[in-house]
Each structure stands twice: as C-alpha cells, then as structure tokens.
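Protein chains in written order, with this note's numbering: chain Z, 269 to 384; chain D, 415 to 525. Ideal Cβ placement from N, Cα and C applies to all residues, glycine included. Okay, structure first, notes after.
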C-alpha cells in the first residue's frame, strides 16, 4: 500500500493564480482531511470529508474549496492564491468504525506551497 | 475537546529512555489520549493512544494517571531518529476532525 500520497510536492504561485492539490489514499478510509502548517506552528484543519460526496469546514476554511468525488481522492483548491496561503499542506485519512472505536489518522508527505 | 499542556522542548541522551509529559486536566470521561510525532518536514505519524489503561506497542509506552489528568509517553531506548516534535492530543473516540494539534514538545536526542 502506498498509504496517503500528495501531488505536487512543491509549487510556487503568483498572487491571484489558482491551483488544485490532490490527495489520494489506498486504504479505503472514509474520512479525509486537509491541514496547513505554518512555520513553528501546529497543524490547523482547513476542510474535511466524512465520506464520498461530503465536505465540511474546519478551523481555517477561508480561501479554499474542496471536493470528494471519489472515496479515494480529496482535492483542495485555491481559486485566487494570496501570500498568506504560503504554507505546507498536509492531507490525512482515517477510517470510521462503529461507535466506541477511536480512529487514527494517517498523513501524507506534504505539499510545500509558496505564493509570491 | 480538552486542551493539553506540554513542555516546549526536551533533551535526551541516545540509548536512554525519553519521558514526555502531557497535562490534560480538563479531559472528559469519553476522551482518548493520542500521541503523534512529526519528524522534520514530514507528515505527522501516529504513535499510540489510550483511554484509561497503560498501553504499549512497538514504538512506545503510554502511561495515564489514575485520575486521567496527565500522561507520559515513553520511548524506551531513544535513537537519533526519534528527534522530532511530539504532539499530545485528547479527543472523543471518532472524528479525526476534532484532532487539535498544539505546539507539541520538540525532543532532541543527542549522541
């Protein structure tokens, strides 16, 4: 199993440009997440999905959109990039189990995005 | 979800046990204690979790106090590759979307 993979690994954008980050998992997980991590800080949740066709806002959703058309993929879009969105973006996935069983998140390697 | 308090940094000699403390005095009865670590520039990695009892796996041991207000992650024989930021997280059983990553403890393992 490849686990959680992210594409691309690095990207440089100019202010106002758009792009899509792709996250893929091969563990048949129900839940998927997008986080951002700024230098010296912990991870902050942007958006998440609890199943195919569903998405929800996390702690810092402004300026981002997401889609979960297939169970194994979770896309993060930046419609008009801003320098404040310069960060490292991590995708994660986890399984949902019957109530009483805690789920464990598995993370991808990250995408390093710079917006000039 | 409960907040956690961790020391910002710790040192440990290679080959010795690393004991990382975490305070979670407002933890609720249905909240688990999770530990993750993040090696430089990589995605966080799950280590261990527990509810009430002490837990052990191939990576570490988790000791939770009887009143559940604090816990300790133990790496029994730290190596240089264990140098990382360690995050202590408390949250309810399901829903990774409730995982809140704080600043964590930066562990330096020295030769």
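Chain-order list of residues whose beta-carbon lies under 8 Å from that of residue 318(Z) (same chain, five-residue window excluded): If we look at residue 318(Z) and ignore the five residues flanking it on each side, its Cβ neighbours are 298, 299, 324 and 364.
Check your understanding: Which residue's Cα is closest to the Cα of residue 440(D): 524(D), 525(D) and 506(D)?
Key -> Ranking 524(D), 525(D) and 506(D) by Cα distance to residue 440(D) puts 506(D) first.
task = Using 10 angstroms around the beta-carbon of residue 342(Z), count the other beta-carbons present and answer buried if the total reaches 16, otherwise exposed.
result = buried
### Query
Is it the case that the Cβ atoms of residue 452(D) and residue 502(D) are separated by a distance below 7 Å?
no
**Study point:** Cβ-Cβ distance between residue 345(Z) and residue 333(Z) below 7 Å
**Key:** yes
CB contact below 7 Å: residue 372(Z) versus chain D
Taking Cβ atoms only, chain D reaches closer than 7 Å to residue 372(Z), which makes this a yes.
Mind listing the chain D neighbours of residue 375(Z)? Cutoff is C-beta to C-beta under 9 Å, in chain order. Those within 9 Å of residue 375(Z) in chain D are 450, 452, 456, 457, 458, 459 and 460.
request  = Report yes if the C-beta of residue 492(D) is less than 6 Å from at least one heavy atom of the ligand PLP; otherwise report no.
outcome  = In the structure on display, the ligand PLP does not appear, and there are no ligands present to speak of.
Could you name the residues of chain Z that residue 517(D) contacts, counting a contact when the two beta carbons are closer than 9 Å? 308, 309 and 310
| Where residue 358(Z) meets chain D, residues with beta-carbon distance less than 9 Å | 457 and 458
Legend entry - Span separating the alpha-carbon of residue 291(Z) from that of residue 270(Z): 12 Å
Less than 7 Å between the C-beta atoms of residue 383(Z) and residue 281(Z), yes or no?
Judged by their CB atoms, residue 383(Z) and residue 281(Z) are nearer to each other than the 7 Å cut-off.
Using the beta-carbon count (16 or more within 10 Å), is residue 472(D) buried or exposed?
exposed
Here's a check: name, in chain order, each residue in its chain whose Cβ is nearer than 8 Å to the Cβ of residue 430(D), leaving out the five neighbours to either side.
Here the set comprises 491 and 492.
So what's residue 512(D) in DSSP terms, helix, strand or just coil? Shown here, residue 512(D) sits in a helix according to DSSP, grouped into three states.
Practice item. Note down, one range per segment and in chain order, each beta strand (DSSP E) of at least 3 residues found wholly within the segment 422-492 of chain D. Key: 423-427, 432-437, 445-452, 459-464, 475-478 and 484-489
Whole-angstrom C-beta distance between residue 349(Z) and residue 285(Z), which should lie under 8 Å:
Correct: roughly 5 Å between the Cβ atoms.
* Asked: What is the C-beta distance between residue 376(Z) and residue 359(Z), in whole angstroms, given that I count them as a contact (C-beta under 8 Å)?
  -> Indeed they touch by this definition, with Cβ atoms about 4 Å apart.
### Query
residue 326(Z) and residue 311(Z): beta carbons closer than 7 Å?
Inclusion of residue 326(Z) and residue 311(Z) in the CB contact set at 7 Å is not warranted, their separation being larger than that value.
Discussion item. Less than 7 Å between C-beta atoms, sequence neighbours within five positions excluded: which residues of the same chain meet that for residue 477(D)?
Written reply: 468, 485, 486 and 488
How should residue 418(D) be labelled, buried or exposed, when 16 other C-beta atoms within 10 angstroms of its C-beta is the threshold for buried? buried
Check each candidate in 443(D), 445(D), 466(D) and 474(D) and name the one with the smallest Cα separation from residue 459(D). Nearest to residue 459(D) by alpha-carbon distance, out of 443(D), 445(D), 466(D) and 474(D), is 474(D).
Exercise. Going by C-alpha distance, which of 361(Z), 373(Z), 304(Z) and 353(Z) is nearest residue 293(Z)?
Worked result: 361(Z)
Measuring only the C-alpha atoms, how far is residue 371(Z) from residue 356(Z)? Distance between the alpha carbons of residue 371(Z) and residue 356(Z): 24 Å.
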